[in-house]
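Numbers 3 to 187, taken from our numbering, label the letters of the sequence shown in order.
Beta carbons: idealized from backbone N, C-alpha and C, even for Gly.
For reference, the structure discussed in these notes is given below.
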Amino acid sequence: MKKIIFFLISLVMTQTTFAKNIGKDGDNTAILGLSTFYYSSSSESGGVSTTSTNTIYDLKGGYVTSKGLFLGLLYTMRDDNLPGAVATGGTQLGASVGYYGSSGIHFVGHYITSAKLGGNPSAYEKGSGIQADFGYLSSVTSNFFIGVDLSYRSITYKDQGGVTLTNSYKRTELFPMLSLMFTLM
3 MKKIIFFLIS LVMTQTTFAK NIGKDGDNTA ILGLSTFYYS SSSESGGVST
53 TSTNTIYDLK GGYVTSKGLF LGLLYTMRDD NLPGAVATGG TQLGASVGYY
103 GSSGIHFVGH YITSAKLGGN PSAYEKGSGI QADFGYLSSV TSNFFIGVDL
153 SYRSITYKDQ GGVTLTNSYK RTELFPMLSL MFTLM
């Protein structure tokens, strides 16, 4: 626990060069990022063991202005390996707007316009909703940053297996993510 606290304090105390690399001379800066979440659990009962894994990748790209305003896109891929579960993976696509501060703090809101969860023939489709990411990025090099995000997402699906649902299916999640970010200009 002491190592985790020390790591978090040193991450917060680190001087970032993020501000120097976005919006140089009033120009916009292109950024490309990847955030990932991985969770694995196993259980055993009566000599039978099961393992579940969840992997989520958020690919984010766009432009940051010299004032920190971010406009971009989000593409998410997920793989939920849950024994006996219907939903085994999915994708989502959305538009993003947010803020990247010179201190490394950032928050980005995403409007998910298209989402699919699970595989055919029983996939949840025609999903839409929101995602919000709040996090911190620290400079590794002048163009490469690493940090953490807390990601909240709430998506409502209207179809399952090509049939319109009487009661839509809503999935809400909150989890931490490891984030990598590159400035491209």
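Taking the beta strand (DSSP E) that residue i belongs to, which residues open and close that run?
| i | result |
| --- | --- |
| threonine 172 | For the record, residue 172 in the displayed sequence is lysine; it is not threonine. Taken as a continuous stretch (DSSP letters only), the beta strand (DSSP E) holding lysine 172 covers 165-185. |
| threonine 78 | 71-83 |
State buried or exposed for residue i, treating a residue as buried only when at least 16 other CB atoms are found within 10 Å of its CB.
| i | result |
| --- | --- |
| leucine 75 | exposed |
| methionine 183 | buried |
| leucine 119 | buried |
| aspartate 81 | exposed |
| glutamate 127 | buried |
| lysine 62 | buried |
| valine 252 | This structure cannot settle anything about residue 252, because the visible part of the chain is limited to 3 through 187. |
| threonine 115 | exposed |
| methionine 79 | exposed |
| glycine 92 | buried |
| glycine 121 | exposed |
| threonine 31 | buried |
| phenylalanine 146 | exposed |
| threonine 55 | exposed |
| serine 144 | exposed |
| threonine 185 | buried |
| tyrosine 41 | exposed |
| tyrosine 102 | buried |
| tyrosine 159 | buried |
Does residue i come out as helix, strand or coil in the three-state DSSP assignment?
| i | result |
| --- | --- |
| glycine 48 | coil |
| threonine 38 | strand |
| asparagine 145 | coil |
| serine 105 | coil |
| threonine 90 | coil |
| serine 98 | strand |
When DSSP builds the beta bridges, which residues end up paired with residue i?
| i | result |
| --- | --- |
| alanine 32 | Tyr65 |
| glycine 137 | His108, Asp151 |
| glycine 131 | Ile114, Ile157 |
| serine 43 | Ser54 |
What do you reckon, is the C-beta of residue i under 7 Å from a heavy atom of the ligand PLP?
| i | result |
| --- | --- |
| leucine 180 | Here there are no bound small molecules, and the ligand PLP is not part of this structure. |
Tell me whether the region 64-72 and the region 43-54 touch, counting them as touching only if at least three CB pairs, one residue from each stretch, are closer than 8 Å.
no
Can you find at least 3 beta carbon pairs, one from the region 158-169 and one from the region 132-143, that sit closer than 8 Å?
no
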